[in-house]
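Numbering (our numbering), first residue to last: 166 to 583.
Glycine included, C-beta positions come from ideal geometry on N, C-alpha and C.
In this text, all values refer to a predicted model and were calculated from it rather than measured experimentally.
Just below is one structure, and these are the notes that go with it.
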């Protein structure tokens with residue numbers, strides 16, 4: 166549980182951690198090569214722990230020291246991914262492409278018990294099938310065979326991050342060129358392509374596609390994970406919702422462009438340097454319209470904390486979620502704190518209120534948890550946030566960093582990474 170005594174404007178600076186959504190596919194990319202892979206700026210998160218457990222279970226040896234992961238291969242890899250680990254975290258499904266491309270076979274459970282078509286993996290399977298994989302889905306598992314994947318052109322009906330990454334990973338060892346049309350262009354996907362190029366696969370981006378030239382075998386590499394734009398954005402929103410002044414260092418400002426535009430539109434003062442962004446609130450923020458979109462649009466992962474911020478902005482705001490079917494698990498809890506939010510299909514109509522009141526809340530997922538923490542920082546009285554295991558999946562040292570900014574916040578337990 167996280168406990169917050171709200172009402173204190175935040176002030177100061179924090180440094181962004183490495184991006185979780187870049188670290189996870191990078192760890193799974195190590196399965197493509199028997200050579201050593203060293204990853205730097207790796208965040209201390211529950212999901213990263215799960216990814217490390219998974220590649221260890223498949224045969225890798227991993228040494229984790231601070232923010233550095235050293236991955237080696239002391240013996241043969243297993244083609245079968247442990248069910249408990251894959252079902253724990255959706256991103257674990259990304260081991261399918263590397264195992265199939267490297268070993269010619271793979272057995273991977275469907276992630277998180279999901280059904281095909283719901284947060285679908287069907288784009289992953291359709292793409293791998295185009296590359297020549299024989300796939301069978303049976304009793305919650307994907308059984309895949311392919312003596313040698315063949316590079317081909319794959320069109321994605323939607324620019325899915327996971328499907329793009331899956332095809333880049335598989336294409337790195339496929340024969341010839343694999344072209345992904347309508348790919349996801351999120352910074353984390355681009356970061357994966359940089360790692361694959363360092364390993365020996367040639368990746369190039371064009372206007373409508375990304376192309377990977379497969380290699381017969383890949384080498385080792387040393388790669389630094391990019392900063393976490395979602396964590397950085399969360400801290401900027403924490404400064405804004407408390408009407409404080411917060412600077413986040415160690416970031417790539419262009420990755421935060423959509424958020425920064427919306428904060429300025431709301432009346433927040435935004436300043437940027439080469440590797441830092443700061444916000445300051447000197448007048449009451451105003452309501453704005455927000456619609457989530459694939460990058461470079463407004464990120465869906467910042468929608469929940471943005472809703473918390475807008476619940477205290479003057480006037481009305483309209484927030485529309487276009488990436489996920491139902492990402493409003495934070496709304497009910499915000500209503501209990503006094504927010505005025507009405508759902509209209511995939512949109513939220515928010516009428517700003519004068520203040521929120523602290524109460525006991527429960528996080529339903531990573532970003533909903535962040536939204537409730539932000540609401541608690543601005544609320545009158547005490548807010549308790551349960552379900553903090555979700556938060557620790559996605560935020561490194563969240564409570565400690567907020568305390569450095571002046572928040573009155575405590576936790577029962579946190580991450581215990583090496």
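Can you look up residue i in the DSSP assignment and give me helix, strand or coil?
{"i": "residue 408", "result": "coil"}
{"i": "residue 557", "result": "helix"}
{"i": "residue 200", "result": "coil"}
{"i": "residue 279", "result": "Bear in mind that the predicted position of residue 279 carries a pLDDT of just 34, short of 50, making it too unreliable to give a figure here."}
{"i": "residue 514", "result": "strand"}
{"i": "residue 493", "result": "coil"}
{"i": "residue 255", "result": "helix"}
{"i": "residue 424", "result": "helix"}
{"i": "residue 270", "result": "strand"}
{"i": "residue 447", "result": "coil"}
{"i": "residue 331", "result": "helix"}
{"i": "residue 479", "result": "strand"}
{"i": "residue 339", "result": "coil"}
{"i": "residue 123", "result": "There is no way to answer for residue 123, as the model of the chain reaches only from 166 to 583."}
How would you label residue i, buried or exposed, when you count the other beta carbons within 10 angstroms and need 16 or more for buried?
{"i": "residue 205", "result": "exposed"}
{"i": "residue 550", "result": "buried"}
{"i": "residue 313", "result": "exposed"}
{"i": "residue 565", "result": "exposed"}
{"i": "residue 449", "result": "exposed"}
{"i": "residue 496", "result": "buried"}
{"i": "residue 394", "result": "buried"}
{"i": "residue 473", "result": "buried"}
{"i": "residue 166", "result": "exposed"}
{"i": "residue 529", "result": "buried"}
{"i": "residue 371", "result": "exposed"}
If you draw a straight line from the alpha carbon of residue i to that of residue j, how long is it in whole angstroms?
{"i": "residue 433", "j": "residue 268", "result": "52 Å"}
{"i": "residue 170", "j": "residue 476", "result": "19 Å"}
{"i": "residue 572", "j": "residue 452", "result": "25 Å"}
{"i": "residue 567", "j": "residue 410", "result": "13 Å"}
{"i": "residue 230", "j": "residue 322", "result": "40 Å"}
{"i": "residue 319", "j": "residue 364", "result": "23 Å"}
{"i": "residue 266", "j": "residue 223", "result": "15 Å"}
{"i": "residue 469", "j": "residue 492", "result": "8 Å"}
{"i": "residue 422", "j": "residue 201", "result": "35 Å"}
{"i": "residue 339", "j": "residue 228", "result": "29 Å"}
{"i": "residue 552", "j": "residue 505", "result": "24 Å"}
{"i": "residue 368", "j": "residue 347", "result": "15 Å"}
{"i": "residue 317", "j": "residue 501", "result": "52 Å"}
{"i": "residue 226", "j": "residue 180", "result": "30 Å"}
{"i": "residue 382", "j": "residue 362", "result": "12 Å"}
{"i": "residue 446", "j": "residue 403", "result": "11 Å"}
{"i": "residue 426", "j": "residue 440", "result": "17 Å"}
{"i": "residue 407", "j": "residue 263", "result": "44 Å"}
How about residue i and residue j: do their beta carbons lie closer than 9 Å?
{"i": "residue 242", "j": "residue 275", "result": "no"}
{"i": "residue 413", "j": "residue 443", "result": "yes"}
{"i": "residue 535", "j": "residue 560", "result": "yes"}
{"i": "residue 574", "j": "residue 538", "result": "yes"}
{"i": "residue 467", "j": "residue 399", "result": "yes"}
{"i": "residue 352", "j": "residue 187", "result": "yes"}
{"i": "residue 332", "j": "residue 358", "result": "no"}
Kindly give me the distance between the Cβ atoms of residue i and residue j, rounded to whole angstroms, as I take these residues to be in contact under 8 Å.
{"i": "residue 297", "j": "residue 270", "result": "Incorrect: roughly 13 Å between the Cβ atoms, too far for contact."}
{"i": "residue 193", "j": "residue 220", "result": "7 Å"}
{"i": "residue 182", "j": "residue 396", "result": "6 Å"}
{"i": "residue 343", "j": "residue 336", "result": "3 Å"}
{"i": "residue 374", "j": "residue 416", "result": "So it is not a contact: roughly 28 Å between Cβ atoms."}
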